[in-house]
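Number of protein chains: 2
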Amino acid sequence: MVDIQNDAAERLHSQGGRMTAQRRLILSTLESLSGHPTAEQIYEQARLSDPRLNLSTVYRTLRWLSAEGLVSPQRFEGQQRQGRFDLGQAEAHHHFLCVSCGRVIEFSEPALEVIGAKWGRRLHVRVDGMTLVLRGLCEACRSAGVQATDGGHGEVVSTASMRVGSV
Amino acid sequence: MVDIQNDAAERLHSQGGRMTAQRRLILSTLESLSGHPTAEQIYEQARLSDPRLNLSTVYRTLRWLSAEGLVSPQRFEGQQRQGRFDLGQAEAHHHFLCVSCGRVIEFSEPALEVIGAKWGRRLHVRVDGMTLVLRGLCEACRSAGVQATDGGHGEVVSTASMRVGSV
DNA sequence: CACTTATTGCAAGTCATTTGCAGTAAGCAA
DNA sequence: TTGCTTACTGCAAATGACTTGCAATAAGTG
Numbered sequence: 001m002v003d004i005q006n007d008a009a010e011r012l013h014s015q016g017g018r019m020t021a022q023r024r025l026i027l028s029t030l031e032s033l034s035g036h037p038t039a040e041q042i043y044e045q046a047r048l049s050d051p052r053l054n055l056s057t058v059y060r061t062l063r064w065l066s067a068e069g070l071v072s073p074q075r076f077e078g079q080q081r082q083g084r085f086d087l088g089q090a091e092a093h094h095h096f097l098c099v100s101c102g103r104v105i106e107f108s109e110p111a112l113e114v115i116g117a118k119w120g121r122r123l124h125v126r127v128d129g130m131t132l133v134l135r136g137l138c139e140a141c142r143s144a145g146v147q148a149t150d151g152g153h154g155e156v157v158s159t160a161s162m163r164v165g166s167v
Numbered sequence: 001m002v003d004i005q006n007d008a009a010e011r012l013h014s015q016g017g018r019m020t021a022q023r024r025l026i027l028s029t030l031e032s033l034s035g036h037p038t039a040e041q042i043y044e045q046a047r048l049s050d051p052r053l054n055l056s057t058v059y060r061t062l063r064w065l066s067a068e069g070l071v072s073p074q075r076f077e078g079q080q081r082q083g084r085f086d087l088g089q090a091e092a093h094h095h096f097l098c099v100s101c102g103r104v105i106e107f108s109e110p111a112l113e114v115i116g117a118k119w120g121r122r123l124h125v126r127v128d129g130m131t132l133v134l135r136g137l138c139e140a141c142r143s144a145g146v147q148a149t150d151g152g153h154g155e156v157v158s159t160a161s162m163r164v165g166s167v
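Going down the list, the protein sequences come from chains A and B.
11 is the number that the working numbering gives to position 11 of the first sequence; each next residue is one higher, with no gaps.
157 is the number that the working numbering gives to position 157 of the second sequence; each next residue is one higher, with no gaps.
Rendered as structure tokens:
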């Protein structure tokens, strides 16, 4: 459960899959990259270790990992077309997205469980998961004098990220 | 403010734009479609009134409307690549997404303002907006015996939607 | 009713992601 | 260790969702 490499290997095994060098590489790259990298970023990083790795292999692996629930794919609105991937359950955390630089900060908010459950009852639906996305300007962009300009759906100029624990 | 047609016309005017038949058609189609239609769905619906309408015009108009803050674009994760559009501010409401049929139910939850403000302070960022997406099974899919199967990121089989007021 | 130029339709182009296919290599069996 | 089966990979071509260039239209102005 804690070691993704082993977890993935076991899951593969149990469904007649094979643990290949590429999958191992993608997994460890995913572990080494903090933040929410895109498939392309994972590819470029992994390529440093093995230049023969192919982008479609990255996509295929990411897709399998998502289906297994080992990584959670995210799609933020705005100019960014690329999906982002992150180790762990989608439910485990929420995000702040800087509309100027694309930086993502994670946080967890237990109070949302209560809100989700409440709306599940009110709407007569079964709520299996939830994601809260906060949008705005990070400290760096704010002090750099950036202003949000487009009604809340910002153009991302560059990308960076950091991870912040639950408070 | 209340009449989108007029609001849009005024905004266009003030920036040297022109109110065309196409834009009027797209606007009224947007008003007639409840839920969160995709560009394609808006296009198909509008085409019923004027078959000569072009898809790129729909995209262009939707992009302008988004920039003006008159419609809010949404992107839900999962198999859906297409963006969805909705009249009104992104901030005004949140969504429940049925991972089985794609149905979207809106709701508003004032408590989230407080949570957003709290994290703005804690993370030292300026929060301009937020979106909460609840994922799960709607009543219809649940009673139809559908089970979520893929770790929370469902494949959408068909699309439908309804709107629910604030409670 | 001219006339300027924003806007449209159409076709071609992007970009992110997927897929068909033939060659490669896990993992099991002998 | 060697074979063997077939899952997996790399590569190239395809797809889906938009976006863009351009010449033809048509708002809104004088």
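Think of the CB as a built atom: it goes at the ideal place given N, C-alpha and C, for glycine as much as any other residue.
Keep in mind it's a predicted model, so treat the numbers as computed, not measured.
Helix, strand or coil at residue i according to DSSP, with G and I counted as helix
| i | result |
| --- | --- |
| Ser56/B | helix |
| Gln29/B | Note on residue identity: the sequence assigns Thr, not Gln, to residue 29/B. Correct three-state label for Thr29/B: helix. |
| His13/A | helix |
| Ser49/B | coil |
| Glu44/B | helix |
| Arg18/A | coil |
| Asp3/A | coil |
| Val157/A | For Val157/A, the pLDDT reaches just 42, beneath the cut-off of 50, and the residue's location in the model is therefore unreliable, although a value from the coordinates is still provided. Three-state result, Val157/A: coil. |
Identified DSSP bridge partners for residue i
| i | result |
| --- | --- |
| Phe96/B | Ile105/B, Leu134/B |
| Asp86/B | Ser72/B |
| Thr61/B | Note: Thr61/B sits in no beta bridge, so no partner. |
| Thr38/B | Arg84/B |
Anticipated Cβ contact below 8 Å, residue i with residue j, distance rounded
| i | j | result |
| --- | --- | --- |
| Ile26/A | Thr61/A | 5 Å |
| Phe96/A | Leu65/A | Contact flag wrong, Cβ pair sits at about 24 Å. |
| Val104/A | Gly35/A | 6 Å |
| Arg63/A | Arg126/B | Wrong, their Cβ atoms sit about 35 Å apart, outside the cutoff. |
| Thr29/A | Gly83/A | Their Cβ separation, rounded to whole angstroms, is 16 Å, which puts Thr29/A and Gly83/A out of contact at 8 Å. |
| Val99/B | Phe85/B | Not confirmed; about 20 Å, so no contact. |
| Thr57/B | Gln80/B | Incorrect: roughly 23 Å between the Cβ atoms, too far for contact. |
Within chain B, the residues that residue i reaches when beta carbons sit closer than 8 Å
| i | result |
| --- | --- |
| Ser107/A | Note on residue identity: the sequence assigns Phe, not Ser, to residue 107/A. Within 8 Å Cβ-Cβ: Trp119, Arg122, Leu123. |
| Arg47/A | In chain order: nothing, as chain B lies at least about 25 Å away. |
| Arg63/A | Residues of chain B passing the Cβ test: none, with the nearest at roughly 10 Å. |
| Arg142/A | Val125, Arg126 |
Listed by chain order, chain A residues near residue i by CB distance under 8 Å
| i | result |
| --- | --- |
| Ile115/B | Glu109, Ala111, Leu112, Leu132 |
| Arg18/B | By Cβ distance, chain A contributes nothing, its closest Cβ being about 21 Å from Arg18/B, past 8 Å. |
7 Å Cβ cut-off: residues of chain B touching residue i
| i | result |
| --- | --- |
| Phe96/A | Trp119, Leu123, Val125 |
Contact list for residue i against chain A, beta-carbon separation under 7 Å
| i | result |
| --- | --- |
| Glu77/B | Pro73, Gln74, Arg75 |
| Arg23/B | Simply none; closest approach about 18 Å. |
beta-carbon residue i near the ligand SAM non-hydrogen atom, thresh 8 Å
| i | result |
| --- | --- |
| Met19/B | Looking for the ligand SAM in the displayed structure turns up nothing, as the structure carries no ligands at all. |
Chain-ordered chain A contacts of residue i [CB-CB under 9 Å]
| i | result |
| --- | --- |
| Arg11/B | Those do not exist, as Arg11/B stays about 12 Å from chain A at its closest Cβ, beyond 9 Å. |
Contact list for residue i against chain B, beta-carbon separation under 9 Å
| i | result |
| --- | --- |
| Arg60/A | Result: empty, since nearest Cβ-Cβ is about 15 Å, beyond 9 Å. |
What ranges does the beta strand (DSSP E) occupy inside the stretch 106-155 of chain B, keeping only unbroken runs of at least 3 residues that lie completely in it? 126-137
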